[in-house]
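Residue numbers (the numbering used here): 8 to 102.
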């Protein structure tokens, strides 16, 4: 059963910034491939909510897509669990 994916306001901002970065002038094909990999990873989460590695000592999981780290948790919502993406960090960004 596919699960719903929600984004915190900060994760939505992170994704918007990543999208803008990938589409900046001169980004080229490499940026397009990286964006595609990031989006494909996010698209897989509803089918594979445990795809990411558990983050020790927290309810979060982390999956890496071409050096971009997606931090998320799986939360129950009465029936089907919801995947909540908390942050998306690009290469070199601190978590």
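Don't be surprised by glycine CBs; every beta carbon is placed ideally from N, CA and C.
task = Just the C-alpha distance for residue 82 and residue 55, rounded to the nearest angstrom, thanks.
result = 14 Å
query = Alpha carbon to alpha carbon, what distance is there between residue 79 and residue 64?
reply = 14 Å
ask   = Given residue 17, which residues of its chain have a CB within under 8 Å of its CB, disregarding the five upstream and five downstream residues?
value = 93, 94
Contact set for residue 34: own chain, Cβ-Cβ below 8 Å, skip 5 residues either direction = 28
inquiry  = What does the alpha-carbon distance come out to for the pair residue 53 and residue 90?
reply    = 7 Å
query = Thinking C-beta only, is residue 96 closer than 8 Å to residue 68?
reply = no
message = Given 7 Å as the limit, tell me if residue 50 has its C-beta closer than that to any heavy atom belonging to the ligand COA.
response = The ligand COA is absent from the structure shown, which contains no ligand whatsoever.
query = So what's residue 54 in DSSP terms, helix, strand or just coil?
reply = coil
query = For residue 38, which residues from the same chain have a beta carbon less than 6 Å from its beta carbon, with the 5 sequence-adjacent residues on both sides left out?
reply = 29
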